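Undergrad: Residue numbers (this note's numbering), protein chains in the order written: chain A, 12 to 266; chain B, 12 to 266. Where is the CB? At the ideal position from N, CA and C, for every residue including glycine. The structure presented is a predicted model; accordingly, all values stated were derived computationally and were not measured.
There are 2 protein chains.
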Amino acid sequence: MGEINRYSIGEFSEKTGVSIRTLHYYDEIGLLQPEKHPSSGHRIYKHQDILTLQKIVSLKFLGYSLEKITNLLHQSIITVDLNETLALQLEVLKKDKERIEQSMTTIQRVIKVLEEEGGVDSAILFSLIHSMQTESIQNEWLERHNLTVVVEKLSKKTEKEKITLDKTFIQMAKEVKKLYGKPIQDQEVQKMIKAFIEASFEFLGDDLVQQLADAEVEELDIQELENLAPSPFTEDEQKWLNQAMEYYMKEAGME
Amino acid sequence: MGEINRYSIGEFSEKTGVSIRTLHYYDEIGLLQPEKHPSSGHRIYKHQDILTLQKIVSLKFLGYSLEKITNLLHQSIITVDLNETLALQLEVLKKDKERIEQSMTTIQRVIKVLEEEGGVDSAILFSLIHSMQTESIQNEWLERHNLTVVVEKLSKKTEKEKITLDKTFIQMAKEVKKLYGKPIQDQEVQKMIKAFIEASFEFLGDDLVQQLADAEVEELDIQELENLAPSPFTEDEQKWLNQAMEYYMKEAGME
DNA sequence: TATAAGACCTCACGTAACTGGAGGTTCAAG
DNA sequence: CTTGAACCTCCAGTTACGTGAGGTCTTATA
Numbered sequence: 012m013g014e015i016n017r018y019s020i021g022e023f024s025e026k027t028g029v030s031i032r033t034l035h036y037y038d039e040i041g042l043l044q045p046e047k048h049p050s051s052g053h054r055i056y057k058h059q060d061i062l063t064l065q066k067i068v069s070l071k072f073l074g075y076s077l078e079k080i081t082n083l084l085h086q087s088i089i090t091v092d093l094n095e096t097l098a099l100q101l102e103v104l105k106k107d108k109e110r111i112e113q114s115m116t117t118i119q120r121v122i123k124v125l126e127e128e129g130g131v132d133s134a135i136l137f138s139l140i141h142s143m144q145t146e147s148i149q150n151e152w153l154e155r156h157n158l159t160v161v162v163e164k165l166s167k168k169t170e171k172e173k174i175t176l177d178k179t180f181i182q183m184a185k186e187v188k189k190l191y192g193k194p195i196q197d198q199e200v201q202k203m204i205k206a207f208i209e210a211s212f213e214f215l216g217d218d219l220v221q222q223l224a225d226a227e228v229e230e231l232d233i234q235e236l237e238n239l240a241p242s243p244f245t246e247d248e249q250k251w252l253n254q255a256m257e258y259y260m261k262e263a264g265m266e
Numbered sequence: 012m013g014e015i016n017r018y019s020i021g022e023f024s025e026k027t028g029v030s031i032r033t034l035h036y037y038d039e040i041g042l043l044q045p046e047k048h049p050s051s052g053h054r055i056y057k058h059q060d061i062l063t064l065q066k067i068v069s070l071k072f073l074g075y076s077l078e079k080i081t082n083l084l085h086q087s088i089i090t091v092d093l094n095e096t097l098a099l100q101l102e103v104l105k106k107d108k109e110r111i112e113q114s115m116t117t118i119q120r121v122i123k124v125l126e127e128e129g130g131v132d133s134a135i136l137f138s139l140i141h142s143m144q145t146e147s148i149q150n151e152w153l154e155r156h157n158l159t160v161v162v163e164k165l166s167k168k169t170e171k172e173k174i175t176l177d178k179t180f181i182q183m184a185k186e187v188k189k190l191y192g193k194p195i196q197d198q199e200v201q202k203m204i205k206a207f208i209e210a211s212f213e214f215l216g217d218d219l220v221q222q223l224a225d226a227e228v229e230e231l232d233i234q235e236l237e238n239l240a241p242s243p244f245t246e247d248e249q250k251w252l253n254q255a256m257e258y259y260m261k262e263a264g265m266e
């Protein structure tokens, strides 16, 4: 094409860094429609098109959809609408950011756990991951049942303490899977249950455990919680564990 | 369906919070294929499917594509591969987060500027947005031309100072657009140029401005920079501005 | 037991923002 | 005048589903 202020699509693509195919697409959806050579049909881009494309790229970067951008560009008084939508856009980005951050901390915790624990049964691992992800929903559940104290207590725990809890949980789960099948009165089994219950007490504190035990929760709600935080055990393992715990409670003279 | 451990798709959807259509889709792509009633073709989900679905949801949350998840699930020893890919996934999320953060600060700066400046010509606004976005690329350009000092100086500026610079830039651009057409020797025009140059000196410091002036930069590189940071002016406005500045330089006895 | 409501089935198109390829036309250089 | 690069249009595919049509199956009630 050669002439100044008149670019072929190839030159224009080169200059702006936007692919030819994308420029075709923008033309197709009416976002950026350059002049066309009347006989050949070749696109002719001009200086103004560079400016328009820069607007498009900018708005895209800010998170606007191409459809919104099309509308924004066709209104000449952009600033008015922009001013309103910017705040909205900021909110959207904030939520995206939070989601990403949560995924990142989850991954980091999983990596830590894998590093320090080595091979972990995948059921255990996913149970852990899932419960991390639904932490906020679990908190909602607790608050609905007047257990805000627990939520507060948990939120005060540092990242390190949480990893410690993760590890405790994993070790306990591993042991359950190892010991499963033995009679529930078995010394080793009862020792494991004891260790687990003591760890829980230590983490939450006696008073909170008591509150949790006292809380009146209906069967249906328990179901709901179980869906939120899936057990890493098979149904049989779970049954066995429950029996072993009941036995322990009786022996220890708890209710 | 009614029976325990056998759920119709509707029940299963209810229980897990995953839409029926999504379950259909997961079946279709071989991600989660429940038993089917031989005559009716109705899907029958069981307890194991809940666990599988939870794995799927977890991995999806961590940012994996359904295709990857399919592979991960079909390998029974998940933890090995997971351990490797988690780190990669973390990197991807990090980049996403950075992009989002940059968009957020850009939007915040734009909002601030709009608040304090009111109506702004859209060309000016987009020129500003665009240059914010390409800040890192502009820094690369500067570093390539041995102007790392400038980059360092700029990086030390606080967010507030940057907003001040934005506003200076906008006011100057507004005035250029207002005064455009007047003779370049006009007092008002020359006053504006003076104000602008002084503001630049103040922001960067005399020494840096000198360095920038001394830097040997080729025409082609200048072109490149212009593509990175588009001028908010029309070509005519730009020409007029250049002439006015040259006149000012001569008058002020600068080179 | 007949019937109607509701749950389920498959098929197929639509979404966003492109990318890639096939097959044909135009341009620029030799 | 030829040839190869650049360009054109049209079609298909991508992800993770949503939506709706039109037909079948189950379940509750009359």
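For Tyr258 (chain A), which residues of its own chain have a beta-carbon under 6 Å away from its beta-carbon, when the five flanking residues on both sides are left out?
TA: Contacts found: Ile195.
Undergrad: With H, G and I counted as helix, E and B as strand and the rest as coil, what does DSSP make of Arg110 (chain A)?
TA: Note: Arg110 (chain A) maps to helix in three-state DSSP.
Undergrad: To be precise: take each residue of the segment 39 to 56 of chain A, compare its Cβ to all Cβ atoms of chain B, and keep it if any distance is under 9 Å. Which residues remain?
TA: Of all residues in the segment 39 to 56 of chain A, none has a Cβ within less than 9 Å of some Cβ in chain B.
Undergrad: Should Phe137 (chain B) be flagged as near chain A, meaning a C-beta pair shorter than 7 Å?
TA: With 7 Å as the cut-off, Phe137 (chain B) counts as an interface residue toward chain A.
Undergrad: Residues bridged to Glu46 (chain B) by DSSP?
TA: Note: Glu46 (chain B) sits in a beta bridge opposite B:Ile55.
Undergrad: Per DSSP, what are the beta-bridge partners of Tyr18 (chain A) in this structure?
TA: In DSSP, Tyr18 (chain A) forms a bridge with A:Tyr56.
Undergrad: So, does the CB of Lys250 (chain B) fall closer than 7 Å to a CB anywhere in chain A?
TA: Not one chain A Cβ lies under 7 Å of Lys250 (chain B).
Undergrad: Counting only C-beta atoms, is Gly74 (chain A) closer than 7 Å to chain B at any point?
TA: Yes, contact with chain B.
Undergrad: How would you list, in chain order, the residues of chain A whose beta-carbon sits under 7 Å from the beta-carbon of Asn94 (chain B)?
TA: Simply Leu125.
Undergrad: What is the rounded straight-line gap between the Cα of Glu209 (chain A) and the Cα of Glu127 (chain A)?
TA: Taking the straight line from one Cα to the other gives about 22 Å.
Undergrad: List, in order along the chain, the chain B residues whose C-beta lies closer than 8 Å to that of Leu62 (chain A)?
TA: Within chain B, the residues near Leu62 (chain A) are Ala134, Phe137 and Pro241.
Undergrad: To the nearest angstrom, how far is it from the Cα of Lys26 (chain A) to the Cα of Ile20 (chain A)?
TA: Distance between the alpha carbons of Lys26 (chain A) and Ile20 (chain A) is about 10 Å.
Undergrad: How about Lys66 (chain A): is its C-beta nearer than 7 Å to some C-beta of chain B?
TA: Chain B, which has a Cβ nearer than 7 Å to the Cβ of Lys66 (chain A), makes this yes.
Undergrad: Can you give me the C-alpha to C-alpha distance between Thr63 (chain B) and Glu102 (chain A), rounded to a whole angstrom?
TA: Approximately 33 Å, taken between the alpha carbons.
Undergrad: Among the candidates B:Ile40, B:Lys108 and B:Pro45, whose CA atom is the shortest distance from the CA of Ser76 (chain B)?
TA: The shortest Cα separation from Ser76 (chain B) among B:Ile40, B:Lys108 and B:Pro45 belongs to B:Ile40.
Undergrad: With 7 Å as the threshold, decide whether the Cβ of Lys108 (chain A) is near any Cβ in chain B.
TA: Yes, contact with chain B.
Undergrad: Take every Cβ of the segment 115 to 125 of chain B, pair it with every Cβ of the segment 146 to 153 of chain A, and state whether three or more of those distances are shorter than 8 Å.
TA: Cβ pair count under 8 Å is below three, so no.
Undergrad: DSSP state of Lys193 (chain B), grouped into three classes?
TA: In the structure shown, Lys193 (chain B) sits in a strand (DSSP, three-state: E or B).
Undergrad: Under three-state DSSP, which class holds Asn157 (chain B)?
TA: In this structure, Asn157 (chain B) counts as coil in the three-state DSSP scheme.
Undergrad: Please report the straight-line C-alpha distance between Gly52 (chain B) and Leu34 (chain B), rounded to a whole angstrom.
TA: Rounded to whole angstroms, Gly52 (chain B) to Leu34 (chain B) spans 15 Å at the Cα level.
Undergrad: Can you tell me whether Glu266 (chain B) is buried or exposed? The criterion is at least 16 other CB atoms within 10 Å of its CB, across all chains shown.
TA: For Glu266 (chain B), the predicted structure reports a pLDDT of 49, less than 50, and the residue's modelled location is therefore unreliable. The matter cannot be settled from this model.
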